[in-house]
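If you read the sequence shown in my numbering, its first letter stands for residue 1239, the second for the next number, and so on. Read through the structure below, which is laid out as structure tokens, and then see the notes.
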Amino acid sequence: MKNIQAGQSDSLRIGSYLRLMRFDRPIGILLLLWPTLWALWIAGNGHPDWIVASVFVAGVVLMRAAGCVINDYADRNIDSHVARTRNRPLASGEISPRNALTLFVTLCLLAFGLVLTLNRLTILMSFVGVFLAVSYPFIKRYSYFPQVYLGAAFGWAVPMVFAAQLEEVPNIAWLLFIITVLWATVYDTMYAMVDREDDIKIGVKSTAVLFANADRVIIAILQITLFVLLLIVGQVLALGVFYYLGLLAAGGLAIYQQTLIRDRNASRCFKAFLNNNWFGGAVFAGIFSHYLVNG
């Protein structure tokens, strides 16, 4: 009986750690993965180095998990006051802050171990990535633009991919980085719209709070800017019709997201946030198809 109880306890503990790393909600991994895949295929001219690709895909999983852990550590005294987050493992006391920090450091070390297999420029750039991941959760206390900062943290994988693949970071890499920042600002503002009322009550800052009733218009402006930059990418790289078909599908999804957030209903705003996974996938499908057809 004691062995059974111990087994159940261990299982519950493992489940708590998996929830802390958000492995039960892989949407964050996918949103981080899509721009990384864009960069891998473009930097590799349709044939990315598979060692580099494997390192970055594994790194996405590890660093997203690490980002979730440090975010919940920073918000452990706030999450208990927000309906959507009050049952998170740190907020509910299932996991201690000390154990969460130990897990965070372990995940970062594992990710850094992967980066050490790459070139010197990529290793040096990885320190910026770690800084962005560690500092992001605290930005919302001082700035209304944590969504932009999240975009920088998510997007930093893009120039790193080019550094790893080409041993340099060309201008197109920085353009893709800016696109990723804009896209993350769009979808994370939709996400922040879900918690806006709670955030206002407890004093947490976000673009959703800052934009207020102008949120839908500003999101639309950001989406249009994002598409203009994606069109420029297509022109600069001479991408073909399949790329633009991917953008057409992504454009349809952006319009659909606007219909979802029209009434600012929390559940529909969250659905719009989730829909961005398909947006990122549509852009990648266009890039992948172009290189597949054109060798």
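Heads up, the beta-carbon is just placed ideally off N, CA and C, and yes, glycines get one too.
Proximity below 8 Å, CB of residue i to CB of residue j
i: residue 1310; j: residue 1328; result: yes
i: residue 1464; j: residue 1421; result: yes
i: residue 1484; j: residue 1520; result: yes
i: residue 1371; j: residue 1300; result: no
i: residue 1346; j: residue 1304; result: yes
i: residue 1302; j: residue 1351; result: no
i: residue 1273; j: residue 1367; result: no
i: residue 1356; j: residue 1293; result: yes
i: residue 1504; j: residue 1442; result: no
i: residue 1254; j: residue 1332; result: yes
i: residue 1476; j: residue 1495; result: no
i: residue 1438; j: residue 1447; result: yes
i: residue 1482; j: residue 1284; result: no
Candidates the options: closest to residue i by CA position
i: residue 1290; options: 1450, 1360, 1515, 1482; result: 1360
i: residue 1298; options: 1355, 1395, 1444, 1253; result: 1395
i: residue 1385; options: 1404, 1428, 1358, 1356; result: 1428
i: residue 1325; options: 1413, 1257, 1513; result: 1257
i: residue 1430; options: 1331, 1439, 1274, 1445; result: 1445
i: residue 1458; options: 1270, 1293, 1424; result: 1424
i: residue 1410; options: 1471, 1489, 1294, 1387; result: 1471
i: residue 1402; options: 1525, 1254, 1280; result: 1280
i: residue 1342; options: 1353, 1413, 1312, 1269; result: 1312
i: residue 1262; options: 1306, 1275, 1284; result: 1306
i: residue 1308; options: 1376, 1323, 1285, 1284; result: 1376
i: residue 1518; options: 1506, 1489, 1500, 1502; result: 1489
i: residue 1337; options: 1285, 1264, 1252, 1499; result: 1252
i: residue 1405; options: 1379, 1383, 1387, 1358; result: 1358
i: residue 1524; options: 1497, 1493, 1480; result: 1480
i: residue 1400; options: 1344, 1461, 1282; result: 1282
i: residue 1435; options: 1528, 1330, 1502; result: 1502
i: residue 1454; options: 1473, 1493, 1419, 1469; result: 1493
i: residue 1259; options: 1288, 1344, 1278, 1316; result: 1344
Extent of the continuous alpha helix (DSSP H) to which residue i belongs
i: residue 1528; result: 1504-1531
i: residue 1292; result: 1288-1312
i: residue 1392; result: 1384-1393
i: residue 1478; result: Looking at the DSSP string, residue 1478 is not in any alpha helix (DSSP H), and its letter there is neither H nor E.
Three-state secondary structure assigned by DSSP to residue i
i: residue 1378; result: coil
i: residue 1442; result: coil
i: residue 1435; result: helix
i: residue 1240; result: Only weak support exists for where residue 1240 lies, its pLDDT of 43 falling under 50; the value from the coordinates is given anyway. Residue 1240 falls in the helix class under three-state DSSP.
i: residue 1407; result: coil
i: residue 1339; result: helix
i: residue 1365; result: helix
i: residue 1460; result: helix
i: residue 1454; result: helix
i: residue 1256; result: helix
i: residue 1358; result: helix
i: residue 1328; result: coil
i: residue 1273; result: helix
i: residue 1501; result: coil
i: residue 1334; result: coil
i: residue 1251; result: helix
i: residue 1397; result: helix
i: residue 1261; result: coil
i: residue 1284; result: coil
i: residue 1323; result: coil
i: residue 1316; result: coil
Expected contact under 8 Å - CB spacing of residue i and residue j to nearest Å
i: residue 1373; j: residue 1398; result: That belief does not hold up - the Cβ atoms of residue 1373 and residue 1398 are roughly 17 Å apart, past 8 Å.
i: residue 1414; j: residue 1276; result: 6 Å
i: residue 1478; j: residue 1513; result: Contact flag wrong, Cβ pair sits at about 26 Å.
i: residue 1286; j: residue 1314; result: Going by Cβ atoms, the distance from residue 1286 to residue 1314 rounds to 38 Å, so no, they are not a contact pair.
i: residue 1417; j: residue 1486; result: Not quite, the Cβ-Cβ distance comes to about 17 Å (not below 8 Å), so this is no contact.
i: residue 1295; j: residue 1271; result: 7 Å
Chain C within 8 Å of residue i, Cβ atoms only
i: residue 1532; result: The question asks about chain C, but that chain is absent: this structure has only one protein chain.
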